[in-house]
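2 is the number of the first residue of the first sequence in my numbering; add one for each residue after it. Positions of the beta carbon are idealized from the N, C-alpha and C atoms, including for glycine. In this text the structure is predicted, and so the values were computed from the model without any measurement.
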Amino acid sequence: MERYNFKEVEEKWQKSWDDTNAFSTKLDKNKKKFYCLEMFPYPSGKIHMGHVRNYTIGDVLSRYKSLKGFNVLHPMGWDAFGMPAENAARDNNLDPKEWTNSNIITMKNQLKKLGLSIDWEREISTCSEDYYKHQQTFFLELLKKGLVYRKENYVNWDPIDETVLANEQVIDGRGWRSGAIVERKKLSQWFFKISKFSQDLLDGLETLNAWPNKVKTMQKNWIGKSFGCEIDFKINGDLPVNKIRCFTTRPDTLFGFSFLALSVDHEVSKYFLENEDFIKFKEECSKTGTTEEAIAVGEKIGFKTNLKAVNPLKPEEEVPVYFANFVLMDYGFGAVFGCPAHDQRDFDFAKKYKLNIKTVVAPFGKEESYTVIDEAYPGPGVLINSDFLNGLEAPSKSVDETIKILEKRNLGKRKVNYRLKDWGVSRQRYWGCPIPIMYDENGDSHPIPESFLPVKLPENINLKVKGNPLDNEENWKYISVDGKKYTRETDTLDTFVCSSWYYLRFCSPNESKYGFKNDEIDYWMPVDQYIGGVEHAILHLLYSRFFMRAINYRNENFNITEPFQSLFTQGMVCHETYKDNKNNWLSPDQVEKVGNKYFLKGNKNEIVKVGPSESMSKSKKNVIDPEHIIESYGADSVRLFILSDSPPEKDVQWSEQGMVSSYKFIQKLWALHKIIKSKLLDEKKDTFDENIEKFTNQTISKITSNLEKFNYNVIIANMYETYNYLINYLKNNKNMSNLENNYKKILICFSPVIPHFSSECLYEIGISNYKWPEYDEKLIQDDKIKIVIQINGKKRALLDVEKGIEKSELLEIVRKDKNLEKYLVEKEIKKVIFVENRLMNILLNE
RNA sequence: GCCCUCGUGGUGAAAUUGGUAGACACAAAGGACUUAAAAUCCUUGCCCUUUUGGGAGUGCCAGUUCGAGUCUGGCCGAGGGCACCA
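Below is the structure:
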């Protein structure tokens with residue numbers, strides 16, 4: 002038997018697709034469009050299994066939609082700015098641009114070997130001037146619209162390298178390269194006013210019906226709308242501070258007020274800048290990281306002032322005012338009203354500083370005797386110990402009621418607050434899009450004039466400097482405009498900015514004047530299906546949604562608010578982890594499995610420790626190189642395997658055995674193909690066979706609906722079922738006249754998953770132009786069905802009956818059935834539940 | 001710590017969306033073919049019964065229902081996100 006030569010076949014078809022630009026797309030208003038987009042990759046060096054999975058999922062969909070007659074846009078590009086290039090370049094004395102571009106070439110070749118139906122004529126790279134120059138235009142447009150501003154913000158500062166660190170570069174509070182203890186430091190930075198659109202971004206979520214609920218919930222929580230009240234607390238003390246404004250969602254617990262906590266950056270802090278203890282305290286606070294997690298987990302510490310805050314509902318009561326490390330200047334007004342009995346964080350703080358803990362909410366039914374002792378009670382209940390508020394249901398009625406009282410007495414104001422912070426886009430790095438701004442001698446910022454745009458990144462620069470490399474480029478740093486000398490902005494833009502609009506660029510990749518053409522985005526946008534990792538659920542997706550609104554804002558020609566119509570978040574590719582006896586990570590190809598035990602390859606004496614299966618990552622060495630796998634088994638086998646084992650939205654375990662079985666399956670399909678082909682050549686074809694007709698229609702129906710629902714793993718099962726059916730069927734059947742037509746349809750159904758194999762087989766039976774097959778609804782129905790008979794809810798029989806059988810008729814059959822007789826004899830039937838074509842449940846009087 | 005998601009055989013999973021739990025595959029055991037091995041094919045798969053058959057069973061505990069993997073509440077466990085990785 003001739004074996005299937007995947008190498009030859011795959012190369013042949015890939016070349017043919019390349020030569021004919023088979024997947025290049027043009028705007029065609031007569032055709033319905035389908036824009037399929039997968040999150041574009043960072044060109045880190047080689048593609049990894051996560052890419053294989055992501056792009057296979059998108060490719061299956063694109064090929065299917067294309068066969069369905071859509072004008073499919075399926076582009077690919079490179080998210081090419083970012084830290085890894087800068088680090089690799091710095092460590093190996095390379096140019097980030099060369100490093101990036103050579104990675105792009107490698108990865109593009111690897112993607113082509115997967116047989117993806119990509120329109121490579123639309124390839125873009127965010128680090129090319131052609132791309133980032135438009136981004137500078139957008140930046141200046143947004144600046145003009147008042148959506149960009151400058152403010153001070155904290156960063157992770159490495160005092161040895163004199164550089165800003167990303168959160169991931171801070172390991173256990175120390176800089177990853179220098180080992181210095183990382184400090185919080187304030188820097189003046191550029192911000193996008195995403196908070197202006199808080200409500201709009203929240204409302205927009207309601208329209209995204211084809212997004213996973215979990216992503217919508219995450220974004221909703223991220224935006225963090227809360228209803229509450231702003232309260233001005235009267236302040237007594239020896240400083241010229243009369244009042245401090247607070248936002249709270251629980252004004253109803255004011256009678257449990259026991260301290261007021263301020264951020265160390267609160268304006269009141271200006272009176273403490275000469276206080277040595279306060280300075281020390283502030284330094285102590287700066288050691289807590291900048292992440293929310295670090296603040297939440299870290300110890301709560303405070304600095305007591307001699308100020309007192311007055312309880313607005315009980316003017317005779319004064320409580321101390323503290324500075325505290327857990328209060329953020331970004332949220333509310335940088336001041337928190339502390340009610341320890343009903344907030345765990347406040348409770349911990351109060352315990353530590355021995356402050357009053359007064360219970361003001363009791364769970365329902367415990368109004369008489371309830372007191373908070375060991376932990377805060379944040380749940381619902383009834384207000385107690387609260388004077389005129391007593392008895393109100395908390396928080397459902399009490400919050401609203403309290404706000405009314407505060408408003409009436411002019412002590413507070415109803416307010417909606419959002420957690421969403423403005424987007425800081427300044428990065429103190431070289432390898433990013435330059436921010437088109439310059440500063441005059443007073444330090445005031447000005448847009449770079451149009452005639453000086455784009456601002457190009459300087460080349461051949463020294464990356465091994467302290468601080469920001471661009472800041473050290475004396476030849477680049479200064480610009481002279483109209484005879485006046487300016488200093489350039491040396492920060493570059495966050496790479497999330499690049500990925501916030503790239504999907505527009507794919508619509509007009511060659512437009513040179515502006516980032517996109519209106520008629521092209523009008524046709525192609527929105528993206529019909531966006532596919533990527535759930536790790537982008539919040540930031541990238543929210544930033545993109547913001548970016549569309551920002552361009553839309555005061556722009557009559559731009560009508561997009563939601564860029565991604567449907568979203569699919571795929572799971573990760575996981576593999577077991579291995580360690581040797583010195584606890585060093587081992588890669589799977591260093592490990593050998595004998596029986597149930599794992600050994601170091603070539604050394605049966607050293608047992609390898611097997612760890613849990615985790616997302617493939619270089620640091621844990623549990624990676625499988627897709628290129629190597631494609632070479633050994635072929636692209637179709639890899640595509641088949643990566644889809645087969647788990648639903649695409651869940652994590653999948655990489656398994657060599659699973660991979661081999663996919664490979665074998667293709668070989669079996671090839672053998673089947675040869676049998677069918679020989680039957681087709683046989684001239685005696687006199688019988689028309691209904692069975693295969695019916696089977697084919699059922700298969701088309703199943704695969705079509707599973708494609709629509711992203712049940713790609715089930716499609717693979719459908720493919721196995723199809724093989725199992727056909728191989729048995731052909732054993733027992735002579736030649737039939739309708740074999741070719743049915744086989745053709747089956748091959749087309751397989752083609753989105755295994756395009757090379759299917760193309761070759763279709764070609765071999767002489768078919769080159771084809772569409773997605775339709776199925777006949779009448780043909781997929783069975784006349785005979787199996788119906789479940791339950792007695793008192795327990796399954797007792799499975800009966801073969803005519804489809805559509807009536808309740809009374811079925812009951813007669815049941816009564817006569819020998820196996821069921823014993824249950825029914827001498828019993829009275831109380832009730833019969835009948836679900837047509839499904840089941841009958843007979844309830845007996847016991 | 002906060003937010004989100006997910007728990008079904010030895011393993012990955014399927015289940016017409018409240019109606020036959022375990023499709024399809026991997027692994028294992030037994031068998032067939034073979035001098036032998038590989039490859040391939042067949043059978044088996046929790047407990048009781050020789051069989052027919054019966055029982056338990058979808059992380060744990062309750063609840064709703066004629067009926068729960070699916071709905072509700074509580075608990076336990078795993079994973080993801082937490083604003084400068086992309």
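Taking the continuous beta strand (DSSP E) assigned at residue i, which residues delimit it?
i: residue 332; result: First-last for residue 332: undefined, no H or E at that position.
i: residue 819; result: From DSSP, residue 819 is part of no beta strand (DSSP E) but of the alpha helix (DSSP H) over 819-825.
i: residue 791; result: 785-792
i: residue 699; result: It is not in any beta strand (DSSP E) - residue 699 instead sits in the alpha helix (DSSP H) that spans 691-709.
i: residue 340; result: Note, residue 340: premise wrong, no beta strand (DSSP E); not H, not E.
i: residue 840; result: 840-846
i: residue 164; result: 164-166
i: residue 531; result: 530-534
i: residue 157; result: 149-159
i: residue 796; result: 795-803
i: residue 465; result: Where residue 465 is concerned, there is no enclosing beta strand (DSSP E), given that its DSSP letter is neither H nor E.
i: residue 849; result: The requested residue 849 is not part of the displayed model; the chain covers only 2 to 847.
Tell me where the alpha helix (DSSP H) around residue i begins and ends.
i: residue 346; result: 345-353
i: residue 525; result: 519-525
i: residue 60; result: 50-68
i: residue 663; result: 657-682
i: residue 629; result: 627-634
i: residue 399; result: 399-409
i: residue 17; result: 7-20
i: residue 297; result: 293-298
Leaving aside the five residues before and after residue i along the sequence, list all residues of the same chain whose C-beta is less than 6 Å from its C-beta, in chain order.
i: residue 738; result: 686 and 689
i: residue 834; result: 842
i: residue 282; result: 304
i: residue 490; result: 436 and 438
On the premise that residue j lies in contact with residue i, defined as a C-beta separation below 8 Å, what is that separation, rounded to the nearest angstrom?
i: residue 87; j: residue 97; result: 6 Å
i: residue 670; j: residue 744; result: With a Cβ gap of about 11 Å, residue 670 and residue 744 do not count as contacting.
i: residue 568; j: residue 216; result: 6 Å
i: residue 501; j: residue 357; result: At roughly 48 Å, the Cβ-Cβ gap does not stay under 8 Å, so residue 501 and residue 357 are not in contact.
i: residue 821; j: residue 798; result: 6 Å
i: residue 474; j: residue 459; result: 5 Å
Leaving out five residues on either side along the sequence, give the residues of the same chain with a beta carbon under 7 Å from the beta carbon of residue i.
i: residue 414; result: 230, 231 and 408
i: residue 786; result: 802, 804 and 838
i: residue 768; result: 745
i: residue 224; result: 199, 202, 203, 419, 420 and 421
Give a single yes or no on whether residue i has its beta carbon closer than 7 Å to a heavy atom of the ligand HEM.
i: residue 315; result: Ligands are entirely absent from the displayed structure, and the ligand HEM is therefore not among its contents.
Which same chain residues end up closer than 8 Å to residue i when comparing Cβ atoms and leaving out the 5 residues on each side of it in sequence?
i: residue 667; result: 5, 7, 635, 637, 638, 641, 755 and 758
i: residue 185; result: 155, 156, 157, 158, 286, 287, 288, 289, 290 and 291
Mind the definition here: the segment 463-474 touches the segment 394-401 only if three or more C-beta pairs lie below 8 Å; say whether that holds. Proximity of the segment 463-474 to the segment 394-401 falls short of the contact definition, fewer than three beta-carbon pairs being nearer than 8 Å.
When you compare the segment 377-394 with the segment 428-437, are there three or more beta-carbon pairs, one atom per stretch, that lie closer than 8 Å? By the Cβ rule, the segment 377-394 does not count as touching the segment 428-437, because fewer than three pairs are nearer than 8 Å.
At a cut of 8 Å, does the segment 298-305 reach the segment 318-326 through at least three beta carbon pairs? With the cut-off at 8 Å, the segment 298-305 and the segment 318-326 touch.
Please go through the segment 194-280 and give each complete alpha helix (DSSP H) segment of 4 or more residues, from N-terminal end onward. Segments of the alpha helix (DSSP H) lying fully in the segment 194-280: 199-208 and 214-224.
Taking contact to mean at least 3 C-beta pairs separated by less than 8 Å, is the segment 70-87 in contact with the segment 22-35? By the criterion of at least three beta-carbon pairs nearer than 8 Å, the segment 70-87 is in contact with the segment 22-35.
With contact counted as at least three CB pairs below 8 Å, one residue from each stretch, are the segment 434-451 and the segment 131-144 in contact? Three or more Cβ pairs closer than 8 Å define a contact, and the segment 434-451 meets that threshold against the segment 131-144.
Whole alpha helix (DSSP H) runs in the segment 73-101 with 4 or more residues, listed along the chain? Counting only runs of 4 or more, we get 84-93.
Entirely within the segment 96-138 and at least 4 residues each: give me those alpha helix (DSSP H) ranges in chain order. Counting only runs of 4 or more, we get 97-114.
Would you say the segment 613-627 touches the segment 571-582, given that touching needs at least three Cβ pairs under 8 Å? These segments touch.
3 or more residues per run - each beta strand (DSSP E) lying fully within the segment 545-616: Correct list: 568-571, 574-580, 592-595, 598-601, 604-608 and 610-616.
At least three beta-carbon pairs within less than 8 Å, the segment 519-529 to the segment 104-123: Because the criterion of three Cβ pairs below 8 Å is not met, the segment 519-529 and the segment 104-123 do not touch.
For the segment 632-648 and the segment 119-136, state whether three or more C-beta atom pairs, one from each stretch, are separated by less than 8 Å. The segment 632-648 makes no contact with the segment 119-136: fewer than 3 CB pairs, one atom from each, lie closer than 8 Å.
Taking the runs of the beta strand (DSSP E) that are 3 residues or longer, which of them lie wholly in the segment 745-773? Secondary structure in the segment 745-773: no beta strand (DSSP E) run of 3 residues or longer lies completely within the stretch.
Would you call the segment 188-195 and the segment 372-385 in contact, with 3 or more CB pairs under 8 Å? These segments do not touch.
Threshold first: 3 residues or longer. Then list the beta strand (DSSP E) segments lying entirely within the segment 422-449, N to C. Listed in chain order, the complete beta strand (DSSP E) runs (minimum 3 residues) inside the segment 422-449 are 438-440 and 446-448.
Is it a yes or a no for the segment 480-495 touching the segment 440-451, going by three-plus beta-carbon pairs under 8 Å? As far as the Cβ criterion goes, the segment 480-495 touches the segment 440-451, which means the pair count is three or higher.
Pairs of beta-carbons, one from the segment 336-344 and one from the segment 242-254, closer than 8 Å: are there three or more? Contact between the segment 336-344 and the segment 242-254 is present, because at least three Cβ pairs lie under 8 Å.
Segment contact flag, the segment 491-501 with the segment 79-93, C-beta cutoff 8 Å, min 3 pairs: Here the segment 491-501 makes contact with the segment 79-93; the two share three or more CB pairs at distances below 8 Å.
At a cut of 8 Å, does the segment 796-811 reach the segment 773-781 through at least three beta carbon pairs? No: the two stretches stay apart, fewer than three of their Cβ pairs being nearer than 8 Å.
Runs of beta strand (DSSP E) wholly within the segment 349-393 (minimum 3 residues, chain order): DSSP runs (the beta strand (DSSP E)) wholly in the segment 349-393: 382-384.
Touching or not, the segment 234-243 and the segment 307-316, by the rule of three or more beta carbon pairs under 8 Å? Contact holds: three or more Cβ-Cβ distances are below 8 Å.
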